[in-house]
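Read the structure below first, then the notes.
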Ligand SMILES: CC(C)(COP(=O)(O)OP(=O)(O)OC[C@H]1O[C@@H](n2cnc3c(N)ncnc32)[C@H](O)[C@@H]1OP(=O)(O)O)[C@@H](O)C(=O)NCCC(=O)NCCS
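Residue numbers (the working numbering): 389 to 729.
Rendered as structure tokens:
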């Protein structure tokens with residue numbers, strides 16, 4: 389869907405909110421650079437290549453969204469992208485307004501963005517995860533506009549600190565010697581189809597299908613996988629630390645852990661799943677350990693990941709492994725089945 393040019397939306401007297409496409413990359417750059425610093429400090433995530441990509445899109449004036457101005461200087465931005473009838477709020481961030489808090493300045497842009505999406509013809513679903521903000525920060529905005537909020541956890545595990553325990557085999561490894569019925573291998577590009585089928589099967593009826601509708605179909609799961617492996621949005625995919633688990637007799641894929649590099653010495657787990665029939669044998673834990681060992685050998689110090697708080701089986705596996713909470717944030721989803729086209 390092509391966006392309309394939006395006129396000025398006066399949200400608060402101290403701040404002016406205008407169509408993002410009025411502004412050049414040069415005007416937006418200081419705000420994005422500050423955001424990259426916060427991604428590093430708060431989430432150990434090197435966001436610099438992502439902001440360069442975003443600035444290219446902004447310079448091309450193709451992102452639909454809003455910029456916030458403080459006396460003519462850009463102090464924030466928000467934008468959304470469209471995938472068919474779904475809109476994804478890509479980001480919302482503000483910094484350095486003279487009198488308003490960063491959260492309030494961000495809120496001033498989210499109000500017109502949500503309003504625009506509510507009236508956008510053909511948009512029947514909106515997804516958003518604002519990782520830099522604390523859970524509950526914008527609860528009032530999203531609960532008052534047909535959204536459901538799902539708290540999510542940003543977890544980290546200092547594998548550098550677990551080195552001695554791993555070397556001394558003090559951590560139980562259910563995959564040591566790999567159970568006779570299973571075999572391990574690293575990710576290969578041959579695995580796309582089987583991996584998408586496994587993801588689709590593992591997330592049937594799962595709480596995360598409410599946050600990310602790609603899990604609901606095989607086609608969506610394949611798309612999700614391509615996004616992780618081919619594009620740098622969730623870090624740079626690392627095939628050397630991404631492990632596949634197969635049933636030796638049938639050759640069927642029964643589990644996987646996928647890793648990306650998000651910063652110097654920091655990896656991010658973008659997917660962990662085990663086929664239903666193989667759960668409860670320690671294989672999820674075993675794949676995490678296998679990824680951690682290979683990352684540790686390559687000099688990585690930490691692993692991070694995000695998990696939905698309501699996904700209790702996964703949260704238990706991560707906590708038992710040694711992951712701890714670094715940050716709690718919200719995923720917001722609007723799903724309308726009755727919106728007219
Ligand atoms: C999360 C998930 C990967 C866990 O896989 P799993 O192989 O069942 O995990 P484990 O077997 O290591 O642990 C599960 C349970 O089995 C127990 N277990 C049984 N045998 C075990 C063994 N030999 N060693 C360790 N744990 C064992 C664990 O203690 C744990 O019990 P608990 O839930 O009471 O704490 C799996 O449930 C899944 O694929 N879920 C859907 C996808 C998903 O949510 N992924 C995470 C997204 S962030």
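No residue lacks a Cβ here, since even glycine has one placed at the ideal position from N, Cα and C.
Query: Check whether residue 676 and residue 709 have beta carbons under 9 Å apart; Result: yes
Query: Straight-line Cα distance separating residue 570 from residue 633; Result: 7 Å
Query: Contact belief for residue 404 with residue 451 at Cβ below 8 Å, rounded distance in angstroms; Result: About 19 Å separates the two Cβ atoms, so there is no contact after all.
Query: Rounded separation between residue 652 and residue 552 - CA only; Result: 21 Å
Query: Buried versus exposed call for residue 649 [16 or more other C-beta atoms within 10 Å across all chains shown]; Result: buried
Query: Collapsed DSSP secondary structure at residue 631 in the structure displayed; Result: strand
Query: Proximity of residue 554 and residue 680 at Cβ, strictly below 9 Å; Result: yes
Query: 8 Å contact criterion, which residue 482 and residue 494 should meet: CB distance rounded; Result: 5 Å
Query: Residue 440 burial status per 10 Å Cβ neighbour count (16 or more: buried); Result: exposed
Query: Where residue 467 sits in the DSSP three-state scheme; Result: strand
Query: Nearest candidate by alpha-carbon position, reference residue 643, set 460, 673, 603, 541; Result: 673
Query: Helix, strand or coil at residue 399 [DSSP, three-state]; Result: Residue placement at residue 399 cannot be trusted, given a pLDDT of 48 that sits under 50; what the coordinates show is reported in the next sentence. Three-state DSSP puts residue 399 in coil, outside helix and strand.
Query: Strand pairing of residue 661, partner residues [DSSP]; Result: 644
Query: Minimum C-alpha distance to residue 413 - residue among 609, 431, 462, 435; Result: 462
Query: Identity of the residue in 621, 442, 566 nearest residue 467 by Cα; Result: 442
Query: The beta strand (DSSP E) enclosing residue 590, as first and last residue numbers; Result: It is not in any beta strand (DSSP E) - residue 590 instead sits in the alpha helix (DSSP H) that spans 580 to 590.
Query: Check: residue 548 C-beta below 8 Å from any heavy atom of ligand 1; Result: no
Query: Reference residue 582, options 638, 599, 548, closest by Cα; Result: 638
Query: Per DSSP, the bridge partner or partners of residue 404; Result: 457
Query: The alpha helix (DSSP H) enclosing residue 437, as first and last residue numbers; Result: 436 to 447
Query: Any non-hydrogen atom of ligand 1 closer than 8 Å to residue 539 Cβ; Result: no
Query: Contained beta strand (DSSP E) runs [length at least 3] in the region 523 to 567, N- to C-terminal order; Result: 535 to 546
Query: Sequence-distant residues of its chain with Cβ nearer than 7 Å to residue 420 (five each side left out); Result: 439, 442, 443
Query: Test item: CB-CB of residue 717 and residue 522 under 9 Å; Result: yes
Query: 6 Å CB neighbourhood of residue 427 in its chain, flanking five on each side removed; Result: 433, 435
Query: Limits of the alpha helix (DSSP H) - the one that residue 700 falls within; Result: 700 to 709
Query: Residue 479 burial status per 10 Å Cβ neighbour count (16 or more: buried); Result: buried
Query: Minimum C-alpha distance to residue 685 - residue among 548, 658, 617; Result: 548
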